[in-house]
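Visitor:
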Amino acid sequence: MQNPMGYDPRANGHCALPRLSISSRSASMVASLDASTDGSIAALQSVMKWKTVMAVFVVVVLYLVAGALAFKGLEQPFESKQKTSITLEKASFLERNPCVTPTELDDIIKVDAVSAGVRPIGETYNSSYWDMGSAFFFAGTVITTIGYGNIAPSTEGGKIFCILYAIFGIPLFGFLLAGIGDQLGTMFVKSILRVEKIFRISQTKIRVTSALLFILAGCIVFVTIPAVIFKHIEGWTTLEAIYFVVITLTTVGIGDYVAGGNRTIDYMNWYKPLVWFWILVGLAYFAAVLSMIGDWLRVLSKKTKEEVGEIKAHAAEWKANVRAEFRETRRRLSVEIHDKLQRAATIRSMERRQLGLEQRAHSLDILSPEKRAMFKNYTQSGIT
């Protein structure tokens with residue numbers, strides 16, 4: 001970095017301060033990029049292995065199956081009792097009130113049926129909230145913390161079991177989610193490193209482009225395609241399907257739209273478990289994206305700190321150079337002024353001496369020859 005005054009302390013024998021050149025800056029940037037690449041490789045080596053992820057996945061699936069069986073065993077008998085009770089009450093009410101039609105009565109008892117956690121009487125399709133598929137899906141919404149709220153345990157045993165199930169299931173699912181997210185992030189980073197080796201392009205451009213492609217591909221696979229499928233199966237509009245997908249994958253889980261919750265549709269037994277697997281992979285994808293963004297923000301913050309440090313170093317160097325130049329300039333001026341003053345004093349002294357000699361000679365010329373001889377003799381006698 002050049003001094004604005006064009007001064008180099010080394011010209012006068014002074015020790016020059018270390019300078020930061022463009023080449024050193026480039027070297028530091030290359031070193032930081034290499035360090036980030038090495039860090040990426042080290043991160044790849046530290047992620048959870050696929051075998052471990054698959055083992056955790058099997059454990060989670062078994063945990064969900066066990067939870068589904070438990071919820072079904074705890075809630076379905078109560079649902080059947082409520083269903084029988086409502087059927088008897090309906091028949092008794094119709095006998096006592098012949099003016100009320102069964103259709104009008106069905107509209108009245110829908111509120112009681114839904115609040116009791118059972119389907120209204122008269123529905124023969126998928127008549128249980130707690131069949132195996134629904135119980136599996138409910139268990140999945142518990143450990144993923146989505147919690148749509150469209151169904152909930154009604155018995156005391158079911159509520160207690162749900163508490164314990166969530167306490168142990170949420171950390172287990174979080175562990176699985178972290179493993180899958182690491183694997184997705186690892187594949188993404190490996191693809192970036194492979195592209196960087198093949199093409200000699202700016203690392204920033206490669207990473208930004210790859211991130212955009214990764215996010216775009218994820219949106220297509222986990223948002224667009226599922227939204228089209230849900231629109232076709234559930235009979236939703238495009239907006240409703242996208243709304244459900246985003247609300248689900250962000251774990252908001254409002255519950256106004258739930259896949260497999262339409263009472264007029266006879267779903268396949270595998271439909272709700274398949275929806276849960278989509279939720280699992282989709283959550284892992286979004287976790288990988290958020291983790292990737294967080295890592296890049298940390299790298300960007302680190303590079304920004306390094307650049308600020310370089311700017312401070314340049315500023316300190318320039319300040320030191322200016323101070324050194326100022327001190328040297330002041331020294332030069334003081335030496336020049338001193339020399340000029342000495343020269344002026346010498347010239348003045350010589351002028352005074354010359355003036356004195358001239359005045360003395362003039363005085364001697366004015367004297368008479370007798371006095372001039374006397375003065376000469378006096379001077380010679382004084383000298384001897």
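With the working numbering, the residue at position 370 of the sequence shown is 370, and numbering never jumps. Note that the Cβ used here is the ideal one computed from N, Cα and C, for glycine as well.
Among the candidates E336, S80, D182 and V289, whose CA atom is the shortest distance from the CA of V208?
Guide: Reading the sequence shown from its first residue, position 208 is the one you call residue 208. Looking at the Cα atoms, V289 is the closest of the given residues.
Visitor: Rounded to the nearest angstrom, what separates L193 and L216 at their Cα positions?
Guide: As a position in the sequence shown, residue 193 is number 193, starting the count at 1. As a position in the sequence shown, residue 216 is number 216, starting the count at 1. Cα to Cα, the separation comes out at about 19 angstroms.
Visitor: Excluding the five sequence neighbours on either side, which residues of its own chain have a C-beta within less than 6 angstroms of the C-beta of G67, listed in chain order?
Guide: Locating residue 67 in the sequence shown gives position 67, where the first residue counts as 1. Answer for G67: A139 and Y165, listed in chain order.
Visitor: Taking all protein chains shown into account, decide if M268 is buried (16 or more other Cβ within 10 angstroms of its Cβ) or exposed.
Guide: On the sequence shown, residue 268 is found 268 positions in, with the first residue counted as 1. The residue is exposed, with fewer than 16 neighbouring Cβ atoms inside 10 Å.
Visitor: Have a look at E156 and F188 and give me their C-alpha separation to the nearest angstrom.
Guide: Indexing the sequence shown from 1 puts residue 156 at position 156. Indexing the sequence shown from 1 puts residue 188 at position 188. Using only the alpha carbons, I get a separation of about 46 angstroms.
Visitor: Apart from the five residues on each side of it in sequence, which residues of its chain come closer than 7 angstroms, Cβ to Cβ, to V142?
Guide: Here the question's residue 142 lines up with position 142 in the sequence shown. Hits under 7 angstroms: C162, Y165, A166 and G169.
Visitor: Go to W50, then tell me how far its alpha helix (DSSP H) extends in each direction, as first and last residue.
Guide: The residue labelled residue 50 in the question sits at position 50 within the sequence shown. Taken as a continuous stretch (DSSP letters only), the alpha helix (DSSP H) holding W50 covers W50 to R96.
Visitor: Can you give me the C-alpha to C-alpha distance between I220 and V228, rounded to a whole angstrom?
Guide: The sequence position of residue 220 within the sequence shown is 220, counting from 1. The sequence position of residue 228 within the sequence shown is 228, counting from 1. Approximately 10 angstroms between the Cα atoms of the pair.
Visitor: By the 10 Å Cβ neighbour count, where 16 or more other Cβ atoms means buried, how is M292 classified, buried or exposed?
Guide: Taking the first residue of the sequence shown as position 1, residue 292 is located at position 292. Burial call: buried.
Visitor: With the cut-off set at 8 angstroms, would you say V275 and F137 are in Cβ contact?
Guide: On the sequence shown, position 275 is the one that residue 275 refers to. On the sequence shown, position 137 is the one that residue 137 refers to. Their beta carbons are under 8 angstroms apart, which means V275 touches F137 by this criterion.
Visitor: Starting from M389, trace the alpha helix (DSSP H) in both directions and tell me its first and last residue.
Guide: The requested residue 389 does not occur in the structure, where the chain is confined to residues 1 to 384.
Visitor: In angstroms with no decimal places, state the Cα-to-Cα distance between L300 and L249.
Guide: As a working mapping, residue 300 is identified with position 300 in the sequence shown. As a working mapping, residue 249 is identified with position 249 in the sequence shown. Computed Cα separation, rounded: 28 angstroms.
Visitor: Hey, E75 and P153 are a contact pair by Cβ (cut 8 angstroms); roughly how many whole angstroms apart?
Guide: Your numbering for residue 75 matches position 75 in the sequence shown. Your numbering for residue 153 matches position 153 in the sequence shown. Rounded, the Cβ-Cβ distance is 6 angstroms, consistent with contact.
Visitor: Classify D38 as buried or exposed, calling it buried when 16 or more other Cβ atoms lie within 10 Å of its own Cβ.
Guide: Start at 1 with the first residue of the sequence shown, and residue 38 comes out as number 38. With a pLDDT of 48 at D38, under the threshold of 50, the modelled position of that residue is not reliable, and the figure given next carries that caveat. Exposed, since its Cβ has fewer than 16 Cβ neighbours within 10 Å.
Visitor: Take the Cβ of R352 as the centre, count every other Cβ of all protein chains shown within 10 Å, and call the residue buried at 16 or more, exposed below.
Guide: By 1-based counting over the sequence shown, the position of residue 352 is 352. Exposed, because fewer than 16 other Cβ atoms sit within 10 Å of the Cβ of R352.
Visitor: Just curious, the alpha helix (DSSP H) that M132 is in, first and last residue?
Guide: The sequence position of residue 132 within the sequence shown is 132, counting from 1. Element bounds for M132: M132 to I143.
Visitor: According to DSSP, is P102 helix, strand or coil?
Guide: Here the question's residue 102 lines up with position 102 in the sequence shown. Here P102 sits in helix by DSSP.
Visitor: Which word fits L333, buried or exposed, when buried means at least 16 other C-beta atoms lie within 10 angstroms of its C-beta?
Guide: Locating residue 333 in the sequence shown gives position 333, counting from the first residue. Exposed is the call here.
Visitor: Label P273 either buried or exposed according to how many other C-beta atoms from any shown protein chain fall within 10 Å of its C-beta, with 16 as the threshold for buried.
Guide: Residue 273 sits at position 273 when you count from the first residue of the sequence shown. With 16 or more other Cβ atoms within 10 Å, it is buried.
Visitor: DSSP state of M292, grouped into three classes?
Guide: By 1-based counting over the sequence shown, the position of residue 292 is 292. Correct three-state label for M292: helix.
Visitor: When DSSP labels each residue in this structure, what does D256 get in the three-state scheme?
Guide: Within the sequence shown, the letter at position 256 stands for residue 256. In this structure, D256 counts as coil in the three-state DSSP scheme.
Visitor: Kindly confirm or deny that the stretch 306-317 and the stretch 229-248 touch, where touching means at least three C-beta pairs closer than 8 angstroms.
Guide: No, the stretch 306-317 does not touch the stretch 229-248.
Visitor: Among the candidates A284, S210, T145 and G261, whose CA atom is the shortest distance from the CA of V195?
Guide: The sequence position of residue 195 within the sequence shown is 195, counting from 1. It is S210.
Visitor: Can you tell me which of the three DSSP states W236 falls into?
Guide: To locate residue 236, count along the sequence shown from 1; it is residue 236. W236 falls in the coil class under three-state DSSP.
Visitor: Using 8 angstroms for Cβ pairs, my map puts G147 next to G253. What's the rounded Cβ distance?
Guide: Within the sequence shown, residue 147 is the residue found at index 147, counting from 1. Within the sequence shown, residue 253 is the residue found at index 253, counting from 1. Right, the Cβ-Cβ distance comes to about 5 angstroms (below 8 angstroms), so this counts as a contact.
Visitor: Quick check on DSSP: helix, strand or coil for W278?
Guide: What you label residue 278 is simply residue 278 of the sequence shown in a count that begins at 1. The answer is helix: DSSP assigns W278 an H, G or I state.
Visitor: Counting only the same chain and skipping the five closest in sequence on each side, list residues whose C-beta sits under 6 angstroms from that of F326.
Guide: Working through the sequence shown from its first residue, we reach residue 326 at position 326. Cβ within range, chain order: n/a, list empty.
Visitor: Within a Cβ cutoff of 8 angstroms, which residues of the same chain sit near K72, ignoring the five residues on either side of it in sequence?
Guide: As a working mapping, residue 72 is identified with position 72 in the sequence shown. Contacts found: W130, D131, M132 and A135.
Visitor: Check for me: the alpha helix (DSSP H) holding S210 runs from which residue to which?
Guide: By 1-based counting over the sequence shown, the position of residue 210 is 210. Looking at the DSSP string, the run of the alpha helix (DSSP H) that includes S210 is Q203 to C219.
Visitor: Is the beta carbon of G174 less than 8 angstroms from the beta carbon of M48?
Guide: Taking the first residue of the sequence shown as 1, we reach residue 174 at position 174. Taking the first residue of the sequence shown as 1, we reach residue 48 at position 48. No, these two residues do not count as a Cβ contact at 8 angstroms.
Visitor: Output the distance between the C-alpha atoms of T124 and P98, rounded to the nearest integer angstrom.
Guide: As a working note, residue 124 is residue 124 in the sequence shown. As a working note, residue 98 is residue 98 in the sequence shown. Here the model assigns T124 a pLDDT of 46, short of 50, so the residue's position is not dependable, and the following value carries that caveat. Using only the alpha carbons, I get a separation of about 24 angstroms.
Visitor: Is it right to say E104 is buried, meaning 16 or more other beta carbons lie within 10 angstroms of its own, or is it exposed?
Guide: Within the sequence shown, numbered from 1, the residue matching residue 104 stands at position 104. Looking at its Cβ environment, which holds fewer than 16 other Cβ atoms inside 10 Å, E104 is exposed.
Visitor: Near G255, what residues of its chain come up, given a Cβ to Cβ distance below 6 angstroms and the 5 sequence neighbours on each side ignored?
Guide: On the sequence shown, residue 255 is found 255 positions in, with the first residue counted as 1. Closer than 6 angstroms at Cβ, skipping near neighbours: Y148, G149 and N150.
Visitor: Considering only the beta carbon of each residue, do Y285 and L176 sit closer than 8 angstroms?
Guide: In the sequence shown, the residue the question calls residue 285 occupies position 285. In the sequence shown, the residue the question calls residue 176 occupies position 176. No, these two residues do not count as a Cβ contact at 8 angstroms.
Visitor: Measure the Cβ-Cβ separation of I279 and T186 and say whether it is below 8 angstroms.
Guide: As a first step, residue 279 is located in the sequence shown; it is residue number 279 there, counting from the start. As a first step, residue 186 is located in the sequence shown; it is residue number 186 there, counting from the start. No, these two residues do not count as a Cβ contact at 8 angstroms.
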